[in-house]
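In the numbering used here, the protein residues as written are 8 to 370.
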């Protein structure tokens with residue numbers, strides 16, 4: 008990991024009935040870091056602490072190795088794109104972009120060149136004399152981004168920058184924004200509740216739930232190996248179970264209330280654990296097909312309760328033999344397998360887990 012550009016060290020904030028608790032976070036220089044969490048988890052409050060809008064109760068903040076905990080917001084040299092952009096309606100587009108130079112804190116001798124370059128890069132030259140009240144959501148976002156970048160900040164912070172954008176336009180804007188940030192080579196700290204947006208934009212992610220930071224790391228690790236059951240739930244892992252560990256020659260057997268699985272890792276007998284499996288990591292076992300070695304201990308017999316076809320996948324509800332639940336497992340299959348395996352509601356079949364895909368959490 009590169010040198011930590013932004014460091015949040017043990018940050019605690021009490022805000023009415025809400026609290027951010029002991030937040031530790033590192034954002035490397037030049038990194039695009041996304042803070043992910045549901046509405047009300049404290050994402051915007053944490054960003055406002057970083058910006059200096061809130062005075063924290065405990066902890067420290069560092070930017071490029073220098074402590075900024077008590078530095079005034081206007082002296083932190085951060086670019087900020089608020090959730091709803093907060094463009095100044097009495098100023099034209101160009102006036103909004105130039106606004107940061109009015110304070111005298113930032114060098115203005117190259118202002119014309121800077122504004123020209125940003126307008127070219129963001130493809131808004133034709134909007135420079137336009138009234139901001141007549142801009143589309145995507146155009147407003149570009150103007151807000153240009154205003155934040157004009158002062159050549161050390162880092163740019165983006166608060167739900169796509170929340171006001173139509174769903175159909177978001178994906179192209181994700182690509183454009185990421186390309187611009189990469190071209191400028193600036194550190195970016197971006198907050199969102201949208202899982203697809205977070206994965207598309209971020210290089211590293213941090214997951215904030217109810218005021219606590221549960222996990223930070225490369226986006227692939229976050230989505231494929233959630234560190235806690237709470238993170239797994241937020242990431243839409245549907246197959247979550249509680250169980251008890253027992254001795255097994257291969258490692259450990261986990262008994263849940265509807266099935267058992269075998270893991271290669273050692274877990275002390277009697278230990279209570281939680282486990283989960285992604286929908287796409289559960290495989291339908293076609294009759295007469297050989298089962299891969301990594302699945303041989305984790306084959307379950309039962310029947311298909313329901314199938315739900317979607318354009319990109321087929322969702323299957325599966326009930327394990329002997330279970331009294333409506334269904335026990337939710338499985339995502341490629342659409343073509345529905346016909347190839349002749350799947351239908353009521354069909355008896357086996358399913359299998361690939362052992363490395365089973366994620367275990369402490370109880």
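Virtual Cβ for every residue (Gly too), placed ideally from N, Cα, C. Because the structure is a prediction, the values reported are computed rather than measured.
Annotation for residue 313: the continuous beta strand (DSSP E) segment containing it runs 306-316. For residue 324, the enclosing beta strand (DSSP E) begins and ends at 321-327.
Boundaries of the beta strand (DSSP E) harbouring residue 223: 219-225, taken from the DSSP string. The bridge partners DSSP lists for residue 199 are 43. Residue 34 is bridged by DSSP to 13. In the DSSP annotation of this structure, the continuous segment of the beta strand (DSSP E) that includes residue 338 starts and ends at 336-340. By alpha-carbon distance to residue 192, the top candidate from 163, 172 and 177 is 163. Residue 329 and residue 367 have their alpha carbons spaced roughly 24 Å apart. Closest in alpha carbon position to residue 311, among 326, 300, 321 and 320, is 326. Proximity to residue 160 across 188, 306 and 99 peaks at 188, based on C-alpha coordinates. In terms of Cα proximity to residue 12, the closest of 223, 96, 53 and 196 is 196.
Only residues of its own chain outside the window of five on either side were considered, and among them 104, 153, 156 and 157 have a CB closer than 7 Å to the CB of residue 125, listed in chain order. Residue 31 is positioned such that its CB atom lies no closer than 9 Å to that of residue 210.
In the three-state scheme derived from DSSP, where H, G and I count as helix and E and B as strand, residue 244 is classed as coil. For residue 182, the enclosing alpha helix (DSSP H) stretches over residues 174-191.
Beta-bridge analysis with DSSP links residue 159 to no other residue. Between the alpha carbons of residue 233 and residue 265 lies a gap of roughly 23 Å. Straight through space, the alpha carbons of residue 238 and residue 118 are spaced by roughly 44 Å.
Judged by DSSP secondary structure, residue 262 falls outside any alpha helix (DSSP H) and instead within the beta strand (DSSP E) spanning 258-262. When the Cα atoms are used, residue 74 and residue 14 turn out to be separated by approximately 9 Å. Contact between the stretch 173-181 and the stretch 18-29 is not established, with fewer than three Cβ pairs separated by less than 8 Å.
DSSP places residue 267 within a strand segment (E or B) once states are collapsed to three. Judged by DSSP in its simplified three-state form, residue 102 adopts helix.
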